[in-house]
Structure formats: structure tokens, C-alpha cells
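Here the structure comes first, spelled out in C-alpha cells, and everything after it is commentary.
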Amino acid sequence: MKSKLPLGVCVALAAALTLFGLLYGVFNGYADERREVTALLEAPNGLMDVLDYRAADGLNLCVVAGRHLPMDDANLAALRSAAVALRDEEDDPALKYAKDEALEAAVTAVAQRLQQTESFLTSDRDQKYLDMLTADLKNLAGSAAAEVYNEAAEAFNERLDAPVLGWLARLMGIAPCALYGRGV
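With positions in the sequence shown counted from 1, the corresponding number in our numbering is that position plus 318.
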């Protein structure tokens, strides 16, 4: 004869298994969704690639400006520093945005400084380089990568703010996605 478990134990086991399944599903579901959003950062031609291209253009402008400005020029040093900082492996989009803004300001300052330099004004080649690099920086700044990432991150963050399941996911350690240019 088989021994039977009391009804209370069966109900408790069923409740525990149901709770475990719910928590496991919520955690894995939200974790997978977050991975999909953050994949937009590292995807080919994603946001991080766009920012790396902008940093490379900033470094190229350093080479052009180095032919006409003294190596200890403050604007040139700021441009080099901003470009190198933007290429850092820091993945936080809010920090990347601030670094990109610093690059933009440094590019503008160096371009204005070059326009005041006699050797630059006599160099057609370097004037064309400056035009090409500033146009490329402008095109990259208009890339849809930031908008696509921010839309996906905002949608994920809204789901994470949803009552019950979103709150459970936050309790289990799922963090919201940082927005490019706006923090979390």
C-alpha cells in the first residue's frame, strides 16, 4: 500500500513549484529582453560603432591640426583627450553621451582655431580634410543608432516599471537600461 501525502503538503508543494516557475520565468524573460536591448549597443553599426567612428574622426582631425597648431595647443590637447576618452571601453550610454558632447565642442574649437592659422588657410588639402571630417562627424551624429537604442531601452524600462512582474524582476536584480543622453 502506498502512503499518501497530506493535502496541505501537496498544496504547499504545488504552490512552491508554481512560485519557483513564476520567479524563474520572470527573471529569465526580463534578462533576455535586457540582453536584446544592450545588444543594440554592440551590434554592427550600432551605437558604440558610431561613437567609435566619431572618435576616429576626432583623432584624424588631431593629425590635420597637428600640422598647423603647436603640439601644446590647449584646443588640440582637448580634442585628443576627448577622442581618446570616447574610444574607452566604457559601455554606459549616459557617459558616452557626455564624452561625445565634449568631442563635439573640441572639434568646433579646433576648427575655429585652424581657420585663424595662416598655414592652414594656404593648405587646400587640409581644408578639404577638415571639411570632410566635419561632414562625416555631422553625418554620424545624425545616425539613427542612438534613437533606435533609446526607443528599445525606454520600452524595456516601461515594462520593468510594470506592476507585479516588473517589480519582481527589479527585486531579483534586473536593472533598467541607461538611455543615451538622458541617464536611466
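By construction, the Cβ of each residue, glycine as well, lies at the ideal position given by its N, Cα and C atoms. In this text the structure is predicted, and so the values were computed from the model without any measurement.
Sub-8 Å separation of residue i and residue j beta-carbons
i	j	result
residue 424	residue 457	no
residue 455	residue 472	no
residue 448	residue 429	yes
residue 431	residue 387	yes
residue 413	residue 397	no
residue 418	residue 404	yes
residue 382	residue 461	no
residue 356	residue 495	yes
residue 373	residue 401	yes
residue 348	residue 487	yes
residue 466	residue 358	yes
residue 351	residue 438	no
residue 459	residue 365	no
residue 491	residue 415	no
Three-state secondary structure assigned by DSSP to residue i
i	result
residue 489	helix
residue 325	helix
residue 350	helix
residue 477	helix
residue 298	Lying before the first or after the last residue shown, residue 298 is absent from the chain, which here runs from 319 to 502.
residue 483	helix
residue 337	helix
residue 379	helix
Contact test: residue i Cβ vs the ligand NAD heavy atom, cutoff 7 Å
i	result
residue 404	Among the components modelled here there is no ligand, and therefore nothing to report on the ligand NAD.
Quick one: which unbroken alpha helix (DSSP H) runs of 4-plus residues sit fully inside the region 392 to 459? Chain order, please. 392 to 404, 411 to 433, 436 to 439, 442 to 459
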